[in-house]
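Under numbering that gives the first Met the number 0, the sequence shown has 76 at position 77, and the numbering climbs by one with no breaks. Working notes, structure below.
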Amino acid sequence: MSYNFSNKVQSLKPSAIREILKFTSLPGIIPFAAGNPAPQAFPVETITGILNKIMTERPVDALQYSISEGYTPLRDTLKKYMAEKHNSFNSEADDLIITSGAQQVMDLTAKALCNEGDTVICEEPSFIGSLNAFRSQGLHLSGVPLCDDGIDTEILEEKLKTEKNVRFIYVIPTFQNPSGLTMSLEKRREVYRLACKYDVIILEDNPYSDLRFAGESIPTIKSIDTESRVVYAGSFSKVLSPGIRVGFAISPKEVSSKLVVCKQVSDVHTNITYQMVADIFMNEYDYEEHLTGLKKIYRDKASLMLKHMDKNLSKEITYTAPQGGLFVWCKLPTDVDMLSYCKRAVENSVATVPGNAFIMNESDPCSYFRMNYSTPTDEQIVKGLSILGKLSLR
0 MSYNFSNKVQ SLKPSAIREI LKFTSLPGII PFAAGNPAPQ AFPVETITGI LNKIMTERPV
60 DALQYSISEG YTPLRDTLKK YMAEKHNSFN SEADDLIITS GAQQVMDLTA KALCNEGDTV
120 ICEEPSFIGS LNAFRSQGLH LSGVPLCDDG IDTEILEEKL KTEKNVRFIY VIPTFQNPSG
180 LTMSLEKRRE VYRLACKYDV IILEDNPYSD LRFAGESIPT IKSIDTESRV VYAGSFSKVL
240 SPGIRVGFAI SPKEVSSKLV VCKQVSDVHT NITYQMVADI FMNEYDYEEH LTGLKKIYRD
300 KASLMLKHMD KNLSKEITYT APQGGLFVWC KLPTDVDMLS YCKRAVENSV ATVPGNAFIM
360 NESDPCSYFR MNYSTPTDEQ IVKGLSILGK LSLR
């Protein structure tokens, strides 16, 4: 039989980079290419106790259909938390819905705001999952390079002037994936000013900000939103568990109502049992103490990785030292074939992510690769960097 696929699906093709990443799941591979939280970060005993309580006291609520907007107690908890801790919820202008991870916020936002062929301006590099969500809607992606303090706002303004039908600007301002960079407050204000000037929305993806283990916190872009033009994506994936698939979107009320409609035709509602778990965890346990424990885990693992990078890797390989999040962004000399280097690394049982995976056009030259320190064990970090240290660059 001959199958006729949609134009959107036909444009999504596997790449050489994805073929390299297939090796990451093989036994014995050291997973520097992963992006999973550290297993020791999961509050297993606490979640087990909460689940037992829910299934004993409220089994029907946990197993029945629920409303698409999300479990009301959790929504209320998050509204209060985001308003008090991050100044990022305005009860008069905003609403909050629960999503199936932050990834769904990207998909729903694209569906609600964009027509096929519209433009989304993204940081370059940027998170591959979001880029693919936008691509799946047939959107044109226009990349803006990063400076040490975040997106290049001069190029951003040029793009806003020249690109057609720009619907929103997508940014990960804190511990950006993959670069690990944090956008300065000055840059955040300038990005917001430009969004106001050119009348576009900002999609602020912020899954890592509660994992800051060094440096000073910087206000969210949402916290300076006076014109109701920021959609904010948050998640429990990095602070409780990615497997529970609980995220949230804060957006202007008119936008939020459209996100709900899009969600209703996507998955009806997010897993209600784990919404209840998240709410109980935040209200009946010491959530801030939990975050403090996570920060120590990632501070120690990042320090170990950087120590052994400095010890083993060629001085020709440079990197950005993270202040939080899960990743280290590494740069090879421009005369080194990055894809060949990553392929030889995985052939020696060390998986990294080729930088091309995070740019708008994978065929463009790229000298970067991404390393993750949260997933591998400490022993794997030491062993993996010893292996990479013995790998020739050319």
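Note that beta-carbon positions come from the ideal geometry of N, C-alpha and C, so glycine has one too.
- Ser385 has its alpha-carbon roughly 30 Å from the corresponding atom of Thr291.
- The region 302-310 makes no contact with the region 66-86: fewer than 3 CB pairs, one atom from each, lie closer than 8 Å.
- Val104 places its beta carbon less than 8 Å from that of Ala232.
- Between the region 328-336 and the region 92-106 there are fewer than three inter-stretch CB-CB distances shorter than 8 Å, so the stretches are not counted as touching.
- For Leu95, the uninterrupted beta strand (DSSP E) segment begins and ends at 93-98.
- Nearest C-alpha to Phe174 among Thr351, Asn360, Lys237: Lys237.
- If only uninterrupted alpha helix (DSSP H) runs of at least 4 residues are considered, those enclosed by the region 178-230 are 184-196.
- When secondary structure is reduced to three states using DSSP, Pro30 falls in the coil class, being assigned neither helix nor strand.
- Rounded to the nearest whole angstrom, the C-alpha separation of Ile53 and Ala40 is 22 Å.
- Counted as a single uninterrupted DSSP element, the beta strand (DSSP E) harbouring Asn371 occupies residues 367-371.
- Residue range 165-170 is occupied by the beta strand (DSSP E) that includes Tyr169.
- If you draw a straight line from the Cα of Thr333 to the Cα of Lys314, it is about 14 Å long.
- Taking a C-beta distance under 8 Å as the contact criterion, Gly246 and Ser234 qualify as a contact pair.
- Secondary structure at Val264: coil, using DSSP grouped into helix, strand and coil.
- Around the beta carbon of Val267, fewer than 16 other beta carbons sit within 10 angstroms, so the residue counts as exposed.
- Shown here, Cys146 sits in a strand according to DSSP, grouped into three states.
- When the beta-carbon positions are compared, Phe126 and Ile171 come within less than 8 Å of each other.
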